[in-house]
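Read top to bottom, the protein sequences are chains A and B. Be aware that the first sequence starts at 1, since it is given in UniProt numbering, and climbs by one per residue. Be aware that the second sequence starts at 1, since it is given in UniProt numbering, and climbs by one per residue.
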Amino acid sequence: MGIFDYAPAPESRAIANLKDHYKPFVDGEFVDGSGEPLKTVNPATEEILAEVGTASASDVDTAVRAARRAYDTVWSKMPGAERAKYLFRIARLIQERSRELAVLESLDNGKSIKESRDSDVPTAAAHFFYHAGWADKLGYAGYGPDPKPLGVAGQVIPWNFPLLMLAWKIAPALATGNTVVLKPAETTPLTALVFADICRQAELPPGVVNILPGAGDIGASIVEHPDVDKIAFTGSTEVGKLIQRTVAGTRKKLTLELGGKAANVVFDDAPLDQAVEGIVNGIFFNQGHVCCAGSRLLVQESVAEEVLDKLRHRVSTLRLGDPLDKNTDIGAINSAEQLAKIHGLVESGDAEGAQRWTSPCPVPDRGFFFAPTVFSEVHQSMRIAREEIFGPVLSVLTFRTPEEAVTKANNTPYGLSAGIWTEKGSRILWMANQLRAGVVWANTFNRFDPAAPFGGYQESGFGREGGRTGLEAYLSV
Amino acid sequence: MTATTSPSATPDTPAELADVTRDDASLRRFLHGLPGVDQVGVEQRAAGLGTRSIKKEAKRWAIDTAISMVDLTTLEGADTRGKVRALAAKALRPDPERQDCPRVAAVCVYPDLAQTAVEALAGSAVHVASVATGFPSGRTSRAVKLADTRLAVEAGAHEVDMVIDRGAFLEGRYMGVFEEIRAVKAACGEAHLKVILETGELATYDNVRRASWLALLAGGDFIKTSTGKVSPAATLPVTHVMLQAVRDWFTRTGQLRGVKPAGGIRTTKDAIKYLVAVHEVAGEQWLTPELFRFGASSLLNDLLLQRRTQVDGHYSGPDYVTVD
């Protein structure tokens, strides 16, 4: 980097207690799944980390039956205050084992240890603490004096925040009295299976939580299973549509958290240096593998050049490399497939005439890495302005008036999040009312709290997770 | 860039910026037109950069660089010539047993002691900096402030640290502050001018940014956070805002100006956090005593102890460094 080269400060991978073999978790036991075992890869080195047993359709049936039994005999009958104790216990165990979870998450996912340690794991624990608080207060949540759970929840989560998405799904389900069959993503199953161990440590009754690693077909089996009452899915819009078709006409309740192409709108009176920070955090956080990433920067023409100059300067200071190095800002892309997808979309940006700028940061020879990239001269008609890239690639568009900003921001099939940067409070309120997005951040981006509901509009899905509103998705109301 | 059009501009200020100091109204418009600073954002960024892990070679480099950036300071009513001479000796040989230890950048004293410092440091590369202009409050007449400056310069000070009139700034009399900095700069002659903003009294980051630009427009060679007599003194977020100002100034004018946090920086760990900020906010060009200084008295000993720890592989204790 120059005269001030920071020394590498790698976290020890021994902390992850990595095992050679992991197994599915059904009815309180780690069992041999009857699916083909899969090998999970460290995306930063392309080494095989561990072999993971997977489920087959018959295992799904066993797990759902276990969940049903646990629901009928124990979990739905237990007073809320008792359920809360288990949730608090799980939350504390996540905190106690936070270093192990953070290192394992970085090994398996490729995200920087800084983010898994300071963001993912603490927020996962916070979700269990928050929902533990609700477990004995459901009568005061505004859904009548005695709202009932739904039954067995089938949950399918993505690879971008493996443990955090698990917490977003499992914490509210358990707090409201449901039992769970969850499938982690094919490429990132490890922290979910350590979470299963935490459930055992917390002496959670068998069958309340079941975790079945596997590919899309296992997700489909869970979705199709007749004895599942509720489906919660976070992932691609494409798969979301498939699930919605499958569930249509059944009594199953459904929530979907799907893709996004969020607009981050910067007005000329914005606090520009902090806006630049927010832009960086919006798109380069977690290598851009964030469904609510601020992947479209809409900047007012009068400050566009200045913002771009500052942005390029800032982005070139981002440090890319070993996810376990505490100085790393940007880790590895989760898989070869995802890397190829990013390359494909970036090439379309070149072909359609956008101006590509790539950070001059060094890129490791091995592993799946993509240097932070900023496209300027992007227009609404280009693929990079419309499609979710899900990588560290920002598309910069410009606008002249607030109305134009709103029109362009809303001109997307998605609607998960948006950002507004201005020092004018009245404009923040006006914009927030106009934007069709589930979350609107003002003078910040990518801030999460268990108390704040999260969810989308249009092709970004429906239903909310977090907050009082999020409980509704797991209650019969 | 064409030559200046305004009589109040410094000779090498670009015309577009020289024009903003044409009159009170245009100066006010310019300063209030600067982008705001979001408090949450800047504090978050400062905290985030504070977690960079600097070890081994990087740490040794950082410690030596920090030592070379120290303005070793004594600013007490009880200062004596003996005290100043002792400080000068320490500046020349920060660690007497380690010849490879870099010397500090300057010794910083009150104007009446500048001559003592100049004599003690004669023939060395260590500069003498002198606080002037009615330091620390600055609550005196322009004539006295200029006389104070001249006293320091005539005694041979290479650098003058002036305080701005915070009262005038907070009243919105920006032109008054601007002209005073200009006048002091003129009185400095060849000496470098560091403009102390006393950010603790300016209260908001927006004010820090405006005061930074005001000082840069008026020709200050350095902008400095604090006198060390007001709490809070230097903080990381304030220094971030000032580093952004000099970086933006460089972008607009091509001129390099420096930043000096002062007051309250006592540990190596803190000093390294500032160096990371210099590196990542302004750029590595600023990682030199020409453009970045620490105003500190007790920081040096901690740097020396940590330096020995790095070199020797064990901690030696406070009795192994000199107390002056």
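Idealized CB from N, CA, C, for every residue including glycine.
- LYS148 (chain A) sits in a strand when the DSSP states are folded into three classes.
- Of all residues in the region 50–65 of chain B, those with a C-beta nearer than 9 Å to a C-beta of chain A are THR51, ARG52, SER53, ILE54, LYS55, LYS56, GLU57, ALA58, LYS59, TRP61, ALA62, THR65, reading in chain order.
- The alpha carbon of ALA132 (chain B) has as its nearest neighbour, out of B:PHE169, B:THR253, B:ALA187, the alpha carbon of B:ALA187.
- DSSP lists no bridge partner for PHE369 (chain A).
- Note on geometry: alpha-carbon atoms of LEU243 (chain B) and VAL307 (chain A) lie some 17 Å from one another.
- Boundaries of the alpha helix (DSSP H) around ALA215 (chain B): 205–217.
- Listed along chain B, the residues sitting closer than 9 Å to LYS326 (chain A) by beta-carbon distance are THR51, ARG52, SER53.
- By alpha-carbon distance to PRO226 (chain A), the top candidate from A:GLY151, A:PRO162, A:GLY282 is A:GLY151.
- Residues of the same chain with a CB within less than 6 Å of the CB of THR73 (chain B), apart from the 5 flanking positions on each side, are CYS108, GLY295, SER297 in chain order.
- Residue contact with chain A for ASP112 (chain B): absent (no Cβ-Cβ distance below 9 Å to any residue of chain A).
- Nearest neighbour of GLN44 (chain B) by Cα position, chosen from B:THR288, B:ALA18, B:VAL238, turns out to be B:VAL238.
- Per DSSP, the beta-bridge partners of LYS194 (chain B) are B:ASP161, B:PHE222.
- Contact check between the region 211–227 of chain A and the region 245–253 of chain A: three or more CB pairs, one atom from each, fall below 8 Å, which counts as touching.
- Distances from the alpha-carbon of PRO271 (chain A) to those of B:ALA25, B:GLU16, B:LEU34, B:ARG29 put B:LEU34 closest.
- For ALA9 (chain A), the neighbours in chain B by C-beta distance under 7 Å run, in chain order, SER53, LYS55.
- Annotation for PHE233 (chain A): the continuous beta strand (DSSP E) segment containing it runs 230–234.
- Excluding the 5 residues flanking it on each side, SER395 (chain A) has same chain C-beta neighbours closer than 6 Å at ARG296, PHE375, VAL378, ILE384, ALA385, in chain order.
- According to the DSSP secondary-structure assignment, CYS108 (chain B) is paired through a beta bridge with B:THR73, B:ALA129.
- In the three-state scheme derived from DSSP, where H, G and I count as helix and E and B as strand, TRP249 (chain B) is classed as helix.
- For the region 239–265 of chain B, residues whose beta-carbon sits nearer than 9 Å to a beta-carbon of chain A comprise HIS240, VAL241, GLN244, ARG247, ASP248, THR251.
- Contact between LEU300 (chain B) and VAL128 (chain B) fails: their C-beta atoms lie close to 16 Å from each other, not under 8 Å.
- DSSP places TYR6 (chain A) outside both helix and strand once states are collapsed to three, so it counts as coil.
- The straight-line gap separating the alpha-carbon atoms of ASP217 (chain A) and SER56 (chain A) is approximately 8 Å.
- Secondary structure of ILE157 (chain A) (DSSP, three-state): coil.
- For ILE330 (chain A), the beta-bridge partners assigned by DSSP are A:LEU320.
- Judged by their CB atoms, ASP221 (chain B) and LYS194 (chain B) are nearer to each other than the 9 Å cut-off.
- Burial check for ILE48 (chain A): the Cβ neighbour count within 10 Å stays below 16, so the residue is exposed.
- Annotated three-state conformation of GLU352 (chain A) is coil, per DSSP.
- Relative to ALA117 (chain B), the option among B:ALA91, B:PHE135, B:GLU97 whose CA is nearest is B:ALA91.
- No residue range can be given for LYS55 (chain B), since it is assigned to no beta strand (DSSP E) and is classified by DSSP as neither H nor E.
- Spatial neighbours of ALA67 (chain A) in its own chain (CB-CB distance under 7 Å, excluding positions within 5 residues in sequence) are listed in chain order as VAL152, THR179, VAL180, VAL181, GLY207, ASN210.
- Its Cα nearest to that of GLY228 (chain B), the residue B:MET162 stands out among B:GLY176, B:LEU304, B:MET162.
- For the region 418–450 of chain A, the beta-carbon criterion of a distance under 9 Å to any beta-carbon of chain B is satisfied by TRP421, GLU423, ASN443, THR444.
- Around the CB of ASN433 (chain A), fewer than 16 other CB atoms lie within 10 Å, so the residue is classed as exposed.
- If you check each beta-carbon in the region 23–39 of chain B against every beta-carbon of chain A, the ones closer than 8 Å belong to PRO35, GLY36, VAL37, ASP38.
- In the DSSP assignment, the residues bridged to HIS21 (chain A) are A:GLU51.
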